[in-house]
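Residue numbers (my numbering): 1 to 155. No residue lacks a Cβ here, since even glycine has one placed at the ideal position from N, Cα and C. If you're wondering where the values come from, they're calculated on a predicted model, not measured in any experiment. These notes concern the structure reproduced below.
What follows is the structure, given as structure tokens:
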């Protein structure tokens, strides 16, 4: 939850009690963020149930493993996972919860606050937007007359 509140669009959804939209939005942001890291397995822990009637505790969605805490707190699931993880130092824990960060530190797992993650996500998004804009801009720059006629007649 603390990560979802860092994204303005997701915080808006949460403010309007649209939890599923916020969850879907977070997954979309994470998918875009981790799209280039093919060997990365992302575990996402949500508080509560998948929906009011669901008995689902875990599900796989591509490279994502989603976990729902039901009556527990998601923090308990995160701590449980870290306890069972054979090599915690290969994990990156993203949370602003001080207890989670402290526990991850004791196990030597990598840590990042939700604020740091959002800043990194925003930086990457800005860089991608600038790259895309530059590619578009390059396509609009005048080309030589030969280039023009080649585009007209060659496939």
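For residue 29, which residues of its own chain have a beta-carbon under 7 Å away from its beta-carbon, when the five flanking residues on both sides are left out?
Sequence-distant Cβ neighbours of residue 29 in its own chain, meaning closer than 7 Å and more than five residues away, are 7, 121.
Proximal residues to residue 92 (C-beta, below 8 Å), its chain only, five neighbours per side dropped
Within the same chain, residue 92 has close Cβ partners 109, 110, 111, 112.
8 Å CB neighbourhood of residue 39 in its chain, flanking five on each side removed
Listed in chain order, the non-local C-beta contacts of residue 39 below 8 Å within the same chain number zero, local neighbours out to five positions each way being set aside.
Quick check: residue 46 and residue 14, are their CB atoms within less than 8 Å of each other?
Taking the C-beta atoms as reference points, residue 14 is found no nearer than 8 Å to residue 46.
Within a Cβ cutoff of 7 Å, which residues of the same chain sit near residue 41, ignoring the five residues on either side of it in sequence?
Here the set comprises 63, 65.
Under the three-state reduction of DSSP, which class applies to residue 69: helix, strand or coil?
The answer is coil: DSSP assigns residue 69 none of H, G, I, E or B.
Whole-Å CB distance - residue 5 paired with residue 11, under 8 Å assumed
Between residue 5 and residue 11, the beta carbon gap of about 5 Å places them in contact (Cβ cut-off 8 Å).
Based on DSSP bridge pairs, tell me the residues matched to residue 94.
According to DSSP, which records beta bridges pairwise, residue 94 is partnered with 112.
Measure the alpha-carbon distance for residue 72 versus residue 57 and round it to whole angstroms.
Taking the CA atoms as reference points, residue 72 sits about 11 Å from residue 57.
Which same chain residues end up closer than 8 Å to residue 101 when comparing Cβ atoms and leaving out the 5 residues on each side of it in sequence?
Taking residue 101 as the centre and dropping the five residues before and after it, the same chain places the C-beta of 93, 95, 111, 113 closer than 8 Å to its C-beta, in chain order.
Considering only C-alpha positions, which residue in the set 43, 44, 70, 60 is nearest to residue 54?
It is 70.
Distance, residue 127 Cα to residue 77 Cα:
So the alpha carbons of these two residues sit roughly 34 Å apart.
Taking the DSSP output, what are the residues bridged to residue 4?
Paired residue(s): none; residue 4 is not in a bridge.
By the three-class DSSP mapping on this structure, what secondary structure does residue 35 have?
In the three-state DSSP reduction, residue 35 falls in the coil class, being neither helix nor strand.
Drop a sphere of 10 angstroms on the beta-carbon of residue 1, count the other beta-carbons inside from all chains shown, and report buried for 16 or more, exposed for fewer.
Answer is buried; the Cβ neighbour count reaches 16.
Any idea what DSSP makes of residue 77, helix, strand or coil?
In this structure, DSSP gives residue 77 a helical state, which the three-state scheme calls helix.
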